[in-house]
Every structure is written in C-alpha cells, then in structure tokens.
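Please read the structure below before turning to the comments.
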Amino acid sequence: MKFVNAILAACLVGSGSAFTFVSNKQYARPVGAITSETPQSQETARLSPLFMGRAAAVRAATKGKTDAKKAKTNAIYGKKIIMAVKQGGSPDPNANRALGELIKQAKANSVPIDNINRAIKRASEANVGDFAESTFEAYGFGGASFVINVLSDNANRATADVKSTVGKRNGKIAESGSVLFMYDRKGKVEVAAELDEEELLMAAIEAGCDDMELVPGDAEGTSIIYTDPKEAAMMLEAVNSLGHTDAKISLVYVSKAPVECTEEEFEKNMDIVDALEDLDDVDSVEHNMSN
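Residue numbers for the sequence shown follow our numbering, so the first one is 210 and each next one is one higher.
This is the structure in structure tokens:
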C-alpha cells in the first residue's frame, strides 16, 4: 500500500497538482479546496465502516427477533385453530363460532391465510394431537409474579419444561390461585397510532362495547385498549372503523397492583420471561412489573 501511495504521490507532483491525503484512504482533495470537514468528521469518516457494521448487526438482530415473534404467533394460532375445530366439531367458521372468532383474531395478528387454512385442514388428520390450554403461576424477584399461559399437546412435557425453566433461573413455581387472584382477565387491542379517546369512545359505543380503558402503548406513538374479554372482538371492529385495520387483538391477564423492581431484579425477571417465551408450548407470559 505504501508503494502504491508513493507512486500516486509522484504522479500528482509531476502533474503540478497538490493534494492532501487523509490516513491511507484511497481518496484525495486539492489543497485549499473549500470543505466543511473537521478533524472530528474525518475521524468519524474513518470509523464509519465500523459503525455501519454495528448498525447492520443491530438491524439483523432486530429482524431476527421480529421474525421469531411472527413465527411464534403463527404457531400459537395454528394450535388454537386446531383445538377450536376439534372442540367445535366443525371446520366451518359459520357453524363453529369459536373457530370464527379465532380466525378473526388470527387475521388481526397478521397470520397468513394459508397458515389458517392449513391449520383447519390439519385438525382432521388422525396423527394430530389434541391441544389443551393450561396456566402456571410463578414468583420472580422483588415481588414480581408471572402468569404463564401454555397451549400444548403434551401436558407432561410442558409442565417439566416450565418448571425447569423457572427453577434454573431461581424463580419459584407458585400454588394454583396464589397469583391469579392479583390479575384481571382482559381483552387487549393494540394499535400502532395514538388514538383520540372521545372518538374511540363513540366508535366503541356504536359497536356495542360497555367497557373500555385506553392507555399509551409500549412504543412511542402507539395505543392499547383494554376491554371485557367478551367485547374484545367488538372493540376490534370499533378500532377498524376508525381506519386502523392493522390493530392486533389478544386476551391477557392484567395486574391489579403493579410493582416496581430494581434494575437488577427487573433484568433477572425478564430473563425468566424471555426463557419461558422461547418454549414451544408457552403461549404467553404476563407479569406485574411496572418498570
């Protein structure tokens, strides 16, 4: 590289032009040319490939998490649809009300129609197991508690995996009912926009809803609506009528008395939550942490 730079410099001197070299970059500019670069910006220029590499890594990691979350959502609704078809005795959403509601929820959560149809078809296959829902309760650090929702075709496997995951991270499985009484069952509608409460209230009343609580979403510029579980589908229709057709719907447990943990306790608790959500049989995990 030094040899190449020396030859280039000699050629430039021979041509009567004066240039300035920065580091060993393969670019040059005339001396005295007007420039807005400062030593700091030159240093940034030198480091930009590294920054670009980090940014690419962050984007890749974020995309990976998003793709994994989508795959998890698709799998959960696939199992729920199979269960609804078997329990309802019909693959026709018009004759099977539970299936019809699930299909609406799946579409609202961006589950591809091909996945929905595939799950309905699989429900009639002899080798497909019977899925069942179950709930586990657990304690974490700093007064945190967890409600672990499971949907599995193998109860023994699911129980062993949940208990092992919580125990390995020094959490504690709680007795049935010792945590759930601190939570309310709610319908949840997530919207990627800030909603006007009065406008939403009018749409909700028109859709037949009596119960509504509007709060800011986890991300900036988003909203969450909590409602009675029986009115969740109607609330989704109300939100859709306002032009938010990408809203997502789910049923969740909401803490009656949120607790604030220390940063260290919060990280330990989220480690438990993340590990549980990585399990194939775990549908979702709710907690009572406010931070």
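Note that CB positions come from ideal geometry on N, CA and C, so glycine has one too.
Item: Does the segment 328 to 348 come close enough to the segment 286 to 303 to have 3 or more Cβ pairs within less than 8 angstroms?; Value: yes
Item: Mapping DSSP to helix, strand and coil, what is Asp-370?; Value: helix
Item: Nearest to Asn-358 by CA position, among Ser-499, Met-479, Tyr-462 and Pro-467, is which residue?; Value: Tyr-462
Item: Are Val-468 and Gly-352 closer than 8 angstroms when you measure CB to CB?; Value: yes
Item: Within its chain, find whatever has a CB closer than 8 angstroms to the CB of Pro-438; leave out the 5 residues flanking it on each side and keep chain order.; Value: Arg-394, Lys-395, Gly-396 and Leu-460
Item: Are the CB atoms of Ala-456 and Val-400 nearer to each other than 8 angstroms?; Value: yes
Item: Would Pro-302 be called buried (16 or more neighbouring beta carbons within 10 Å of its own) or exposed?; Value: buried
Item: Decide yes or no for the touch test of the segment 398 to 418 against the segment 433 to 451: beta carbon pairs closer than 8 angstroms, at least 3 of them.; Value: yes
Item: Arg-394 lies in the beta strand (DSSP E); which residues open and close that run?; Value: 392 to 400
Item: What do you reckon, are the CB atoms on Phe-350 and Lys-465 nearer than 8 angstroms?; Value: no
Item: Taking DSSP's pairing of strands, which residues face Phe-475 in a bridge?; Value: Answer is none; Phe-475 lacks a bridge partner.
Item: According to the Cβ coordinates, are Phe-475 and Asn-497 closer than 8 angstroms?; Value: no
Item: Am I right that Glu-310 and Ala-442 are in contact with their C-beta atoms under 8 angstroms? What's the rounded C-beta distance?; Value: 6 angstroms
Item: Should Ile-285 and Asp-492 be called a contact, given that it needs their Cβ atoms to be closer than 8 angstroms?; Value: yes
Item: Please classify Asp-490 as buried or exposed, where buried requires at least 16 other C-beta atoms within 10 Å of its C-beta.; Value: buried
Item: Where do the ends of the beta strand (DSSP E) carrying Leu-360 lie?; Value: 354 to 361
Item: Tell me the DSSP secondary structure of Ser-450 in three-state form.; Value: helix
Item: Assign Val-388 to one of three DSSP states: helix, strand, or coil.; Value: coil
Item: Should Lys-234 go down as buried or exposed, given a rule of 16 or more other Cβ atoms within 10 Å for buried?; Value: The predicted model places Lys-234 with a pLDDT of 42, which falls under 50 and marks its position as unreliable; any figure quoted below should be read in that light. Lys-234 comes out exposed.
Item: Output needed for Thr-282: all residues of its chain with C-beta closer than 7 angstroms, excluding positions within five of it in sequence on either side, in chain order.; Value: Asn-318 and Val-320
Item: If I follow the unbroken beta strand (DSSP E) through Ala-347, where does it start and stop?; Value: 341 to 348
Item: Looking at the unbroken beta strand (DSSP E) that takes in Lys-457, where does it start and where does it end?; Value: 457 to 464
Item: What is the rounded straight-line gap between the Cα of Gly-452 and the Cα of Ile-322?; Value: 21 angstroms
Item: Three-state secondary structure (DSSP) at Thr-431?; Value: coil
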